[in-house]
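Each residue of the sequence shown is one higher than the one before, counting from 11 in the numbering used here. Note that CB positions come from ideal geometry on N, CA and C, so glycine has one too.
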Amino acid sequence: MQRTWNIETPAHVGETIKVNGWVQNIRRMGDKLAFIDLRDGTGIVQVVCYKPDLDEATNKAVDELSSEYVVEIEGIVNKRGEKQVKADLPTGTVELGVKTLKILNASETPPFEIDKDTMGVNEELRLKYRYLDLRSERLQHHLRLRNLYVQACRQHLLKDRFVEIETPYLTKATPEGSRDFIVPSRLQPGKFFALPQSPQQYKQLAMVAGFERYFQTARCFRDEDPRADRGFEHTQIDIEMSFVEREDVMQTIEAMITASVESLGFTIKEKPFPRLSYKESMERYGADKFDMRTEEDKANKVLAYAWVVDFPFFEKTDEGGWTFTHNPFSQPKPEFLVDHLAGTNIEKILTTQYDLVCNGYETGGGSIRAHDPKVLRATYKTMGYSDEEIDESVGHMLEAFTYGAPPHGGIGLGVERMIMILTGETFLREVQAFPMTGSAHTSVMDAPSALPEKALDDAHIRLSA
């Protein structure tokens, strides 16, 4: 018999069906009757075990049951009486009368209560048993909402002629604002790969390759100190487009975001999204990420999106030199191109960078890119790189741009940040399946961990005392 999902049970009144799932809880009413709340990936259905009608094997299984046991049940779907209907439950109009019940796997007593909100449970304990934590109703909701959001964005982009292209995880270390995670090369002793902070260079190379509209749901790795809304790795919806100006990219992204979040039932405060310059946002809010909602908006879970534009291209370093504020691959605004190429009036140069903010968080950032090798070389010159250092760092990009690189621009949109906003959470870990702890250890698995000597030898690594 084919399995029926719990959510489908109201459509099968009077029929015998098979369901599978976990025992959320069991209530035994004397020797003859037991009620089971059975949970699967679609919700909970009530199961009634009237023991005088059951065979010996099924009665034995019912007697053994405890919370989180995995079971297979065959039974008949009965309509509840009017007084027994549970209006707050999608399956509340029916219950399943057991014919047979098999235990597929037993369960130890969980280290914390799964049928309650686990937010108050110790973080280290929750993440050690993350696979149990994820069974809770809140985290099931968050991860399923995350899936719906990503799929809505994907489908919108596919309909808009974008092509989904994967880019490598093992790549070259480049300056993108954070420390790289490095990976030793076994076949090339003394040399290292880096895990990508973003697919920045590869997506620009996809534009040179003529794909014109690229996207992927990309994993990004940054060796930064963890905090509530940032971790070692995150996911972003990564997008790049050819033959565009800044407004073209912003309108494309705005349409995707609007369609995706509204399809999930959310309300956007203002459309089109307001545009503020960096200078205006600092004068008005004292920051380049801000919350435009009223108290009523917050109570109604309204989403207040806005664009921030016209950022300074460079900022002073502690040593008195210059570094980029957002992205070294950005194009300066047209009116500052002459100064950029000449390396003059550096403090006044504005870039084509644009950030998307929502409810006080930065949710994405991008720019129109440098596609002329002279522009990219000038950026690195301003940051104090010699010609040799420039060629070593981004020589491959400079060469690619000599082969007919189109004007292009794009953006990276943080998935976790967006789901945090949609769910009202304030910690990244609440919307990730297997996040790291605050002390930067992996959930469930004990990492980072020491390696055996042979593994270190294979990677040509020697540990200092």
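Item                                                                                                                                 : Value
Reference SER188; option with closest CA among GLU25, SER146, ASP235                                                                 : ASP235
Beta-carbon contacts of LEU106 that lie in its chain and below 8 angstroms, excluding the five residues immediately before and after : THR19, ILE27, VAL29, LEU48, VAL55, GLN56, VAL57, VAL58, ILE83, GLY85, ILE86, VAL87, ASN88
GLU222 - DSSP class collapsed to helix/strand/coil                                                                                   : coil
Meets three-Cβ-pair contact criterion under 8 angstroms: the segment 143-153 and the segment 436-455                                 : yes
Selected residue, minimal CA-CA separation from ASP125, among VAL271, LEU167, CYS368, GLY53                                          : GLY53
For SER453 and SER139, the rounded distance between their alpha carbons                                                              : Looking at the sequence itself, residue 139 is Tyr, so the reference to Ser does not match. Between TYR139 and SER453, the C-alpha separation is close to 8 angstroms.
For LEU423: DSSP bridge partner residues                                                                                             : ILE247, GLY374
Member of PRO178, ARG232, THR68 whose CA lies at the smallest distance from the CA of LEU114                                         : THR68
Distance CB(ALA5)-CB(ALA183) smaller than 7 angstroms                                                                                : In the structure as shown, the chain begins at 11 and stops at 475. Residue 5 is therefore absent and cannot be evaluated.
Own chain, CB closer than 7 angstroms to PHE122, minus 5 neighbours either side, in chain order                                      : THR128, VAL131, LEU135
Stretch pair the segment 158-167 + the segment 273-283: three plus CB contacts closer than 8 angstroms                               : yes
C-alpha gap between LEU313 and ILE267, whole angstroms                                                                               : 11 angstroms
Contact check, GLU426 vs HIS244, beta carbons under 7 angstroms                                                                      : yes
Between the CA atoms of THR354 and ASP190 - distance to the nearest angstrom                                                         : 31 angstroms
Cβ distance (whole Å) where MET251 is taken to contact GLY420 below 8 angstroms                                                      : 6 angstroms
SER270: first and last residue of the uninterrupted alpha helix (DSSP H) it sits in                                                  : 256-273
Proximity below 7 angstroms, CB of VAL33 to CB of LEU64                                                                              : no
Best match in SER208, GLU264, THR103, LYS70 for proximity to ASN337 [C-alpha to C-alpha]                                             : SER208
Residues that LEU48 bridges to, as DSSP identifies them                                                                              : VAL33, VAL55
Nonlocal neighbours in the same chain, by C-beta distance under 7 angstroms from ALA116, ignoring five residues either side          : TYR79
Top-ranked residue by Cα proximity to GLN341, from HIS418, ASN16, GLY405, GLU402                                                     : HIS418
Local conformation of GLU105 per DSSP, three classes                                                                                 : strand
When GLY394, MET393, ASP382, ALA238 are compared against MET407, the one with the closest alpha-carbon                               : ASP382
For LYS109, the nearest candidate out of PHE283, ALA309, VAL72, MET455 (CA to CA)                                                    : VAL72
Distance between PHE323 and TRP332 (C-alpha atoms, nearest Å)                                                                        : 10 angstroms
Limits of the beta strand (DSSP E) - the one that ARG232 falls within                                                                : Neither: ARG232 is in no beta strand (DSSP E) and is coded neither H nor E.
Cβ-Cβ distance between TYR288 and TRP317 below 7 angstroms                                                                           : no
Contact under 7 angstroms by Cβ, VAL290 with GLN226                                                                                  : First, the amino acid is wrong: residue 290 is Glu here, not Val. No, these two residues do not count as a Cβ contact at 7 angstroms.
Contact under 7 angstroms by Cβ, PRO100 with ILE471                                                                                  : no
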